[in-house]
Amino acid sequence: MQGLVLSATNNLFKVLCEDGCTRLCAIKGKRISTLTGSYNSLAAGDTVELAPTDSGRGLILALNPRRNVFGRFNEKGRAEQAIAANIDLVVCVSSPHLPPFRPRFVDRVAVLAEAASSPLLIVLNKADLDIPAETAERLEGYRGLGYGVAVLSAKKGKGIEELREALKGRTSVLTGQSGVGKSSLLNVLYPGLDRKTGEVSIKYDRGKHTTTLAEMMLPGDTGTRVIDTPGMRRLALRGLDPSNLAAYFPEMRRLVGECGFGLSCTHIDEENCGIVAGVERGEVHPDRYESFLRIRDELESAVDWKRSGNRDPGRKERTASARSRRHKSSTFDQDDDDPEEHAGEGDRRLK
Ligand code: GDP
Ligand code: ZN
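Count along the sequence shown from 1, then add 520; that gives the number in our numbering.
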């Protein structure tokens, strides 16, 4: 029998089976052989082959090939963590205040969406509040990069129809920092689902792995699947090849061909770097370049850690000096992007 994974908790999976029943399933033999090394074995949106068991439960026999994966790096578990699979749209929910708009968080989500070859929709909720000019400018910038941007308000019900339309008939994963109003949005979009809002959040991966990372909801209209994720403080990225990171920044990937050192260019401080030239010509936003440098640094650290030898001993210093030379300061410098401070945390609000 075929089934769709709705959520995963502590190696038990809620699976909607083709007979219409939802069964709690374990994996036969505990592991999916094709997924060795992953932090969690199955993600919301996975489709599986299963065998129903007597107790009304089921045993998962195999994972069907994934079309794509939206995931992050779990810093505690030191492994890639699939959050959602087989998605058509990544939605990054943000707000202008409480919490403030954080383009560096958006940039990370954008990289993950690019890695999943999924379109990205950036939602600015709480548009009933004042939107700072710099935030509006950044949103225009994202639009210019080809990402969808929707400015709306769950509170005022503004822009909700358009969002519902964007989600219709697709499998979407909703991500955002805690407090941006993701639950409120889901409640006005799909009143029957009754998401809990405004609660004191509980850290979800502090204890044993007994929590749900993502949860798929089926609001009932034709084929719409919405995967909600717990509010996160930051998204750790590790699994990508740092030397290929520019490929995940649409405005940078077309400049790589201009780099004098070609594919070996780190885009940090080389002569004739197409990306650095792009920053200087104003084609690449300095904050996007800053995000690029930070993520690149993070990815390089992971490579260093894996090889337990430092590939490029001066890299940190080179990055720091490139940063101070090229990056004009902006209000978004306060963006919390510090791995030490927020190692793999997420604020948990799903049941
Ligand atoms: P979540 O953590 O992203 O699920 O956020 P919640 O849905 O729990 O909302 C966090 C807070 O933001 C709550 O106090 C909501 O009332 C408030 N909020 C949600 N949507 C809006 C909105 O459109 N405008 C305003 N002003 N506040 C909102
Ligand atoms: Zn370069």
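Glycine is no exception: its CB is placed at the ideal position from the N, C-alpha and C atoms. If you're wondering where the values come from, they're calculated on a predicted model, not measured in any experiment.
Span separating the alpha-carbon of residue i from that of residue j
i, j, result
"VAL465", "GLU837", "Residue 465 lies beyond the stretch modelled for the chain, which goes from 521 to 871, so this question has no answer here."
"THR749", "GLU791", "42 Å"
"GLY743", "LEU687", "10 Å"
"MET521", "SER811", "44 Å"
"LEU659", "LEU775", "22 Å"
"VAL568", "LEU579", "10 Å"
"VAL720", "GLU800", "Low per-residue confidence applies at VAL720: pLDDT is 38, beneath 50, and the placement is therefore not dependable, though the value from the model is reported in the following sentence. Rounded to whole angstroms, VAL720 to GLU800 spans 44 Å at the Cα level."
"GLY565", "ALA822", "28 Å"
"ARG592", "ARG663", "24 Å"
"LEU544", "VAL669", "37 Å"
"SER684", "GLY712", "Strictly speaking, residue 684 in this sequence is Arg, with Ser absent from that position. One C-alpha to the other measures close to 14 Å."
"THR542", "LEU709", "23 Å"
"LEU813", "GLY759", "16 Å"
"GLY677", "PHE781", "51 Å"
"ALA528", "GLY777", "42 Å"
"ALA674", "ILE680", "7 Å"
"THR554", "ASN588", "15 Å"
"ASN530", "VAL804", "43 Å"
"VAL535", "ALA602", "16 Å"
"PRO639", "ASN606", "13 Å"
"ILE651", "ARG551", "48 Å"
"ILE747", "GLY696", "12 Å"
"LEU532", "LEU757", "26 Å"
"GLY523", "THR573", "14 Å"
"TYR809", "THR691", "31 Å"
"SER784", "LEU649", "46 Å"
Three-state secondary structure (DSSP) of residue i
i, result
"ARG838", "helix"
"ALA604", "strand"
"GLU861", "At GLU861, the pLDDT of 35 sits below 50, so the modelled position is not reliable and the matter cannot be decided from this model."
"ASP748", "strand"
"LEU790", "First, the residue type needs correcting, since residue 790 is Glu and not Leu in the sequence shown. Reduced to three states, the DSSP call for GLU790 is coil."
"ARG726", "For ARG726, the predicted model reports a pLDDT of 42, less than 50, meaning its position is unreliable; a value from the coordinates is still stated below. Reduced to three states, the DSSP call for ARG726 is coil."
"PHE512", "The question about residue 512 has no answer, for the chain in this structure spans 521 to 871."
"GLY523", "strand"
"ALA528", "strand"
"VAL804", "coil"
"THR655", "helix"
"THR691", "strand"
"GLY679", "coil"
"VAL475", "Here the chain has residues from 521 to 871 only, and residue 475 is not among them."
"LYS646", "coil"
"THR567", "strand"
"GLU735", "strand"
"GLY866", "Because GLY866 carries a pLDDT of 40, less than 50, the predicted location of this residue cannot be relied on, and the following value inherits that uncertainty. Correct three-state label for GLY866: strand."
"ALA674", "coil"
"LEU765", "helix"
"ALA822", "helix"
"ALA582", "strand"
"PHE781", "coil"
"LEU873", "Look at the range of the chain in this structure, 521 to 871, and you will see that residue 873 is not part of it."
"LEU757", "coil"
"LEU640", "strand"
"LEU562", "coil"
"LEU665", "coil"
"LEU813", "helix"
"LEU555", "helix"
First through last residue of the alpha helix (DSSP H) which encompasses residue i
i, result
"PHE625", "623 to 635"
"GLY794", "794 to 800"
"VAL776", "Careful: VAL776 lies outside any alpha helix (DSSP H) and carries neither H nor E."
"VAL700", "Taken as a continuous stretch (DSSP letters only), VAL700 belongs to no alpha helix (DSSP H), as it is neither H nor E."
Extent of the continuous beta strand (DSSP E) to which residue i belongs
i, result
"THR573", "Looking at the DSSP string, THR573 is not in any beta strand (DSSP E), and its letter there is neither H nor E."
"ARG543", "542 to 547"
"ALA670", "668 to 671"
Do the region 763 to 771 and the region 746 to 754 touch if we need at least three Cβ pairs shorter than 8 Å?
Counting C-beta pairs closer than 8 Å gives fewer than three between the region 763 to 771 and the region 746 to 754, which falls short of the contact rule.
Contact the region 634 to 649 vs the region 698 to 707: 3+ CB pairs below 8 Å
With a cut-off of 8 Å, the region 698 to 707 and the region 634 to 649 count as touching, because enough Cβ pairs lie within range.
Using a Cβ distance threshold of 8 Å, determine whether the region 604 to 618 contacts the region 768 to 781, with at least three qualifying pairs required.
As far as the Cβ criterion goes, the region 604 to 618 does not touch the region 768 to 781, which means the pair count is below three.
Contact between the region 793 to 802 and the region 813 to 823 (3+ Cβ pairs under 8 Å)
Contact fails: fewer than three Cβ-Cβ distances are below 8 Å.
Evaluate contact between the region 579 to 586 and the region 621 to 637, counting only Cβ atoms and requiring at least three cross-stretch pairs below 8 Å.
The region 579 to 586 vs the region 621 to 637: no contact.
Just checking, does the region 731 to 741 make contact with the region 623 to 641 on the three C-beta pairs under 8 Å criterion?
No, because fewer than three Cβ pairs between the region 731 to 741 and the region 623 to 641 fall closer than 8 Å, the two stretches do not touch.
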